[in-house]
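> Take 3 as the starting number for the sequence shown in this note's numbering and just add one per residue.
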Amino acid sequence: DVITNAPQPMIEDLDTIPFPAWHLLPWQRYRLFNFARVTDPATLILGSRGCPYKCNFCSLIVMGHNRRKRSISNLVDECEYMYERYGMKQMAYVDPIFPISRREAVAFRDEVVKRGLQKKQVWTTETRVDLMDQETVEAMVESGCRRVMFGFETGDQETLNAIKKDFKLQQAYEAVRLCQKVGMGVIGFFIVGSPGETERSINMTIDFACDLDIEFAKFTVFVPYPGTAIYNDFMKDGTLKEPESLDFERYTSYPTDENPAIYVTPALTQAKLMQLQKKAFRKFYLRPKMIYRHLVEIRALNVNDMYNGLQLVLTPS
């Protein structure tokens with residue numbers, strides 16, 4: 003029998019959680035693709051749990067909307083510990099959003115600079131375009147941030163509103179401009195085939211990604227993950243049904259003929275959805291300036307990763 007326990011209360015004071023036991027893992031083998039010019043060992047770090055935003059496709063809802071965060075001193079303690087014990091020069095924040103405010107960015111910068119860590123470590127993070135302003139990006143880069151990831155999601159404002167992302171497309175352009183001005187690279191995440199999308203709106207997303215002039219872009223097929231607001235809606239209205247909804251192999255962002263997407267927006271077919279995803283990768287990465295940009299950085303990238311990526315964009319649909 004399977005016994006399901008009642009939900010347990012969230013841990014409110016994250017400072018009480020000990021640092022991860024990295025000595026139990028072969029940490030020397032890990033590198034971060036996000037730092038294309040850096041080949042030193044890298045690790046992940048989490049500064050908060052929960053997210054106050056209500057994007058209806060996001061599975062991070064399982065962590066709750068109440069953001070619980072570690073103190074800045076505790077967070078920087080871990081950064082310092084990882085450098086002193088393991089020589090870790092790269093930290094990747096895996097928070098839903100970090101920093102979440104100008105105040106947090108400045109406080110983090112001040113603590114890092116006080117300890118001189120900005121001269122020893124670099125880091126990357128994911129945050130929101132509508133949280134970026136001049137003082138925030140300056141504080142981030144001064145504390146060692148080299149790349150930032152944004153969930154741009156779509157180039158169609160109507161779709162952006164429907165998935166409750168709650169920002170304007172113009173804010174995306176401005177965020178990229180601010181980051182590039184201070185020397186931070188930008189990686190973008192985009193969704194192909196959100197509910198209500200059409201071939202036209204997806205082509206708008208592809209053009210939007212190219213217009214942003216960011217370093218990397220990831221185009222994933224929309225997935226109604228269990229626990230999200232959209233998944234719950236789909237189960238209620240019959241868009242998803244059991245047992246199909248329990249086939250977790252189908253929850254893939256990169257569908258194939260053998261393992262098709264679990265959801266296809268009504269305006270598209272499975273084949274057209276996959277074709278548009280490949281088109282997005284091809285159009286973004288096979289531009290002359292993108293080829294040149296990545297050839298410059300090629301010496302630091304994993305050859306197998308490059309080969310797999312080329313297969314994705316070059317294989318006929």
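Glycine included, each C-beta is placed from N, C-alpha and C at the ideal position.
1) Since I74 and A109 should fall inside the 8 Å C-beta cutoff, what is the C-beta to C-beta distance between them, to a whole number of angstroms?
2) Starting from E201, follow the alpha helix (DSSP H) in both directions and report where the run begins and ends.
3) How many whole angstroms separate the CB atoms of E201 and L133, which I take to be in contact at a CB cut-off of 8 Å?
4) Mind reading off the beta-carbon distance from P43 to Q30? Whole number of angstroms is fine, and I expect it under 8 Å.
5) Where in the segment 71-120 do unbroken runs of the beta strand (DSSP E), each at least 3 residues long, occur, reported from the N-terminal end onward?
6) Helix, strand or coil: how does DSSP classify C147 here?
7) For V194, count neighbouring Cβ atoms within 10 angstroms of its own Cβ and tell me buried if that reaches 16, exposed if not.
8) Does any heavy atom of the ligand GDP sit closer than 8 Å to the C-beta of L62?
9) Identify the continuous alpha helix (DSSP H) that holds L323 and give its terminal residues.
10) Per DSSP, what are the beta-bridge partners of R51 in this structure?
11) With which residues is K220 paired in a DSSP beta bridge?
12) Assuming M93 contacts V139 (C-beta within less than 8 Å), just tell me the rounded distance between them.
13) What does DSSP give as the partner residues of F152 in its beta bridges?
14) Pull up the distance between the alpha-carbon of V143 and that of V184, whole angstroms please.
15) Who are the Cβ neighbours of E128 in its own chain at under 6 Å, not counting the five residues just before and after it?
16) Is it a yes or a no for the segment 227-234 touching the segment 209-216, going by three-plus beta-carbon pairs under 8 Å?
17) When you compare only the Cα positions, how much space is there between E14 and A8?
18) Hey, quick one: how far does the alpha helix (DSSP H) through M276 stretch, first residue to last?
19) Kindly identify the DSSP beta-bridge partner or partners of L46.
20) Which same chain residues end up closer than 7 Å to R221 when comparing Cβ atoms and leaving out the 5 residues on each side of it in sequence?
21) Counting C-beta neighbours from all protein chains within 10 Å, is the total for C53 16 or more, i.e. buried, or is it exposed?
22) Since V320 and Y253 are thought to touch, with beta carbons under 8 Å apart, how far apart are those beta carbons, to the nearest angstrom?
23) Is DSSP giving V4 helix, strand or coil here?
24) In this structure, does DSSP put V266 in helix, strand or coil?
25) Going by DSSP in three states, V124 sits in which element: helix, strand or coil?
26) Terminal residues of the continuous alpha helix (DSSP H) containing I232?
27) Cβ of G157 within 9 Å of Cβ of T267?
28) For M65, which residues in the same chain have their Cβ closer than 6 Å to its Cβ, ignoring the five residues on either side in sequence?
29) Rounding to the nearest angstrom, what Cα-Cα distance links I19 and Y287 in this structure?
A quick look at the data gives this:
1) Rounded to the nearest angstrom, the Cβ distance from I74 to A109 is 5 Å, consistent with a contact under 8 Å.
2) E201 -> alpha helix (DSSP H) spans 201-214.
3) Contact annotation, E201 with L133: C-beta distance approximately 32 Å; criterion of less than 8 Å not satisfied.
4) Rounded to the nearest angstrom, the Cβ distance from P43 to Q30 is 6 Å, consistent with a contact under 8 Å.
5) Inside the segment 71-120, DSSP marks whole beta strand (DSSP E) runs of 3 or more residues at positions 92-95, from first to last along the chain.
6) Reduced to three states, the DSSP call for C147 is strand.
7) Counting the other Cβ atoms within 10 Å of the Cβ of V194 gives 16 or more, which makes it buried.
8) Absent from the structure shown: the ligand GDP. Ligands present: none.
9) Beyond the ends of the chain as shown, which are 3 and 319, falls residue 323; an answer cannot be given.
10) DSSP links R51 through a beta bridge to R70.
11) According to the DSSP secondary-structure assignment, K220 is paired through a beta bridge with F191.
12) The C-beta distance from M93 to V139 rounds to 18 Å, too long to fall under 8 Å, and the pair is not in contact.
13) Per DSSP, T129, G190.
14) Whole-angstrom Cα-Cα distance: 7 Å.
15) Short of 6 Å from the beta carbon of E128, and not among the five residues preceding or following it, lie these beta carbons of its own chain, in chain order: M151.
16) Three or more beta-carbon pairs separated by less than 8 Å are not found between the segment 227-234 and the segment 209-216, which leaves the two stretches without contact.
17) Going by the C-alpha atoms only, they are around 18 Å apart.
18) Annotation for M276: the continuous alpha helix (DSSP H) segment containing it runs 272-287.
19) Partner(s): A94.
20) Reading off the sequence shown, one finds Phe at residue 221, where the question assumed Arg. Result list for F221: F192, V194, Q279, A282, F283, in chain order.
21) Label assigned to C53: buried.
22) No statement about residue 320 is possible, as the shown extent of the chain runs from 3 to 319 and does not include it.
23) Residue state, collapsed to three classes: coil.
24) Three-state DSSP puts V266 in coil, outside helix and strand.
25) Reduced to three states, the DSSP call for V124 is strand.
26) Note, I232: alpha helix (DSSP H), 231-239.
27) Note that the C-beta distance between G157 and T267 is not below 9 Å.
28) Closer than 6 Å at Cβ, skipping near neighbours: R51, G52.
29) Distance between the alpha carbons of I19 and Y287 is about 41 Å.
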